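**Student:**
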Amino acid sequence: MGRYWRTLRRFWGTAVAVQLEYQANVLIELVAVAMSLSGSLFLLSLFYGPDQTLGGWSWAQALMVQGLYTVFDGIATTWLRPNLGAIVTHVREGTLDFVLLKPIDSQFWLSLRTLSPAGLPEIGLGLGLLAWGSHQAGVVLSLSSLFTVLVMLLAGGLILYSLWFLIAATSIWFVKTWNATEVLRALLASGRYPLNAYPPALRLLFTLVLPVAFLTTVPAQVLLREAAAPMLLAGLALAVLFFAAARAFWLFALRFYTSASS
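In case it helps, our numbering puts the sequence shown at residues 1357 to 1618.
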């Protein structure tokens, strides 16, 4: 475990050092993210009027959900896209051979090789929006609620990673998986709105099949003290299940990988 931790520090230390050579990009990214978030808030405001709610969620509560979505989108920009998006390139160019020959787990290397600090401003804005929405909604924080939210955020991140990695792993057979990734991103965008805003069929889809609810709505419900214990346990179980599926599928896919040197 210590060897993996030292390797991770080298990976990310190098990535941050490279990105800091272009400091102007951070400011540009911050402006772009702020404009994008402003557009999202404008669209959300269209659902609200005097004494109106969205699926029973007030404006302040919906801001909490939007903030959580922004955090996860920033995580995707910082971690998932630069790493998992490169798997297709490794397969197409044959450089996956070198990854498999390294004395380190290939999934670990492919998943954590680099990061993009460009997504950090988005994470910061998302946390700020979450804090503001929570304050406006009258949320009273406690250590237990904060711990539960942290656990649910980790579970949501694991679910998001597993879904993305499952699609990326199919590049062993289908080299071009960009379209599938874009479809996943479009579906995940549904998490910017409270789950109760959708019809019952879509609620079931976003809870069990594509569990977007556990990324945004459920953590917000935890802060609002509205989340039931079975829902929390279901989120943890789904996170473990999806990660195990991603791991098993990767090992299965490698059996069909044809080395570029063969």
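Beta carbons are placed, not taken as given, at the ideal position from N, Cα and C, and that holds for glycine. Here the structure is a predicted model, which means the values were calculated and not measured.
(1) Near ALA1595, what residues of its chain come up, given a Cβ to Cβ distance below 6 Å and the 5 sequence neighbours on each side ignored?
(2) What runs of the beta strand (DSSP E), each 3 residues or longer, lie entirely inside the region 1507-1542?
(3) My output table needs one value for LEU1623: the three-state DSSP class, helix, strand or coil.
(4) Just tell me which of ARG1469, ALA1474, VAL1444 and LEU1397 has its CA closest to the CA of THR1363.
(5) Is ALA1609 near ALA1536, with beta carbons less than 9 Å apart?
(6) Under DSSP, the alpha helix (DSSP H) around ARG1603 begins and ends at which residues?
(7) When the Cα of LEU1597 is compared with those of ALA1583, LEU1564, LEU1483 and LEU1571, which residue comes out closest?
(8) Given a cut-off of 9 Å, decide if GLY1475 and THR1433 are closer than it, judged by their beta-carbon atoms.
(9) Touching or not, the region 1400-1407 and the region 1456-1467, by the rule of three or more beta carbon pairs under 8 Å?
(10) Around the C-beta of ASP1429, are 16 or more other C-beta atoms found within 10 angstroms, so that it is buried, or is it exposed?
(11) Which same chain residues end up closer than 7 Å to LEU1621 when comparing Cβ atoms and leaving out the 5 residues on each side of it in sequence?
(12) Taking DSSP as the reference, what is the three-state secondary structure of PRO1567?
(13) GLU1478: buried (16+ other C-beta within 10 angstroms of its C-beta) or exposed?
(14) Would ARG1366 be called buried (16 or more neighbouring beta carbons within 10 Å of its own) or exposed?
(15) For the alpha helix (DSSP H) holding THR1445, just list the boundary residues, first then last.
(16) Following the continuous alpha helix (DSSP H) through THR1573, name the residue where it begins and the one where it ends.
(17) For the region 1448-1458 against the region 1497-1506, are there 3 or more C-beta pairs whose distance is under 8 Å?
(18) If I measure Cβ to Cβ from TRP1520 and keep anything under 8 Å in the same chain, skipping five residues before and after, which residues do I get?
(19) Buried or exposed, going by whether 16 or more other CB atoms sit within 10 Å of the CB of SER1527?
(20) I'd like the list of long-range same chain contacts for LEU1571, defined as Cβ closer than 6 Å, with 5 residues on each side in sequence excluded.
(21) What do you reckon, are the CB atoms on GLN1422 and LEU1485 nearer than 9 Å?
(22) Using only the alpha-carbon positions, how far apart do ALA1602 and LEU1522 sit?
(23) Assuming LEU1588 and THR1504 make a contact with CB atoms under 8 Å, what is their CB distance in whole Å?
(24) Tell me which same chain residues have a C-beta within less than 6 Å of the C-beta of ALA1553, skipping the five on either side of it?
**Tutor:** Considering the structure as presented:
(1) As a first step, residue 1595 is located in the sequence shown; it is residue number 239 there, counting from the start. Closer than 6 Å at Cβ, skipping near neighbours: ALA1511, LEU1514 and ILE1515.
(2) none
(3) Outside the shown range of the chain, which is 1357 to 1618, sits residue 1623, and nothing can be said about it.
(4) By one-based count along the sequence shown, residue 1363 stands at place 7. Comparing Cα-Cα distances from THR1363 to each of ARG1469, ALA1474, VAL1444 and LEU1397, the minimum goes to ARG1469.
(5) Counting from 1 along the sequence shown, the entry for residue 1609 is found at position 253. Counting from 1 along the sequence shown, the entry for residue 1536 is found at position 180. Cβ distance not < 9 Å, so ALA1609 and ALA1536 don't count as in contact.
(6) In the sequence shown, the residue the question calls residue 1603 occupies position 247. Element bounds for ARG1603: 1585-1610.
(7) To locate residue 1597, count along the sequence shown from 1; it is residue 241. That would be LEU1564, whose Cα lies nearest to the Cα of LEU1597.
(8) Residue numbering aside, residue 1433 sits at position 77 when the sequence shown is read from its first letter. Residue numbering aside, residue 1475 sits at position 119 when the sequence shown is read from its first letter. Yes, the pair counts as a contact, with Cβ atoms nearer than the cut-off.
(9) no
(10) Residue numbering aside, residue 1429 sits at position 73 when the sequence shown is read from its first letter. Burial call: buried.
(11) Outside the shown range of the chain (1357 to 1618) lies residue 1621, about which nothing can therefore be said.
(12) To locate residue 1567, count along the sequence shown from 1; it is residue 211. Coil.
(13) Here residue 1478 refers to the residue found at position 122 of the sequence shown. By the 10 Å Cβ count, GLU1478 comes out buried.
(14) As a working note, residue 1366 is residue 10 in the sequence shown. Exposed, since its Cβ has fewer than 16 Cβ neighbours within 10 Å.
(15) Working through the sequence shown from its first residue, we reach residue 1445 at position 89. From DSSP, the alpha helix (DSSP H) with THR1445 extends over 1442-1449.
(16) As a first step, residue 1573 must be located in the sequence shown, where it is residue number 217. Taken as a continuous stretch (DSSP letters only), the alpha helix (DSSP H) holding THR1573 covers 1573-1579.
(17) no
(18) Taking the first residue of the sequence shown as 1, we reach residue 1520 at position 164. Excluding positions up to five away in sequence, the list reads ALA1432, LEU1436, LEU1440, THR1537 and LEU1540.
(19) Position 171 of the sequence shown, counted from the first residue, corresponds to residue 1527. Answer is buried; the Cβ neighbour count reaches 16.
(20) Sequence index remark: in the sequence shown, residue 1571 carries index 215 (1-based). For LEU1571, where only same-chain residues beyond five positions count, the Cβ hits under 6 Å are PHE1428, GLY1512 and GLY1547.
(21) Residue numbering aside, residue 1422 sits at position 66 when the sequence shown is read from its first letter. Residue numbering aside, residue 1485 sits at position 129 when the sequence shown is read from its first letter. For GLN1422 and LEU1485, yes; Cβs fall inside 9 Å.
(22) For this step, residue 1602 is matched to residue 246 along the sequence shown. For this step, residue 1522 is matched to residue 166 along the sequence shown. Those two C-alpha atoms are separated by around 5 Å.
(23) Within the sequence shown, the letter at position 232 stands for residue 1588. Within the sequence shown, the letter at position 148 stands for residue 1504. LEU1588 to THR1504, Cβ: 7 Å. Contact.
(24) Here residue 1553 refers to the residue found at position 197 of the sequence shown. Closer than 6 Å at Cβ, skipping near neighbours: LEU1410 and GLY1411.
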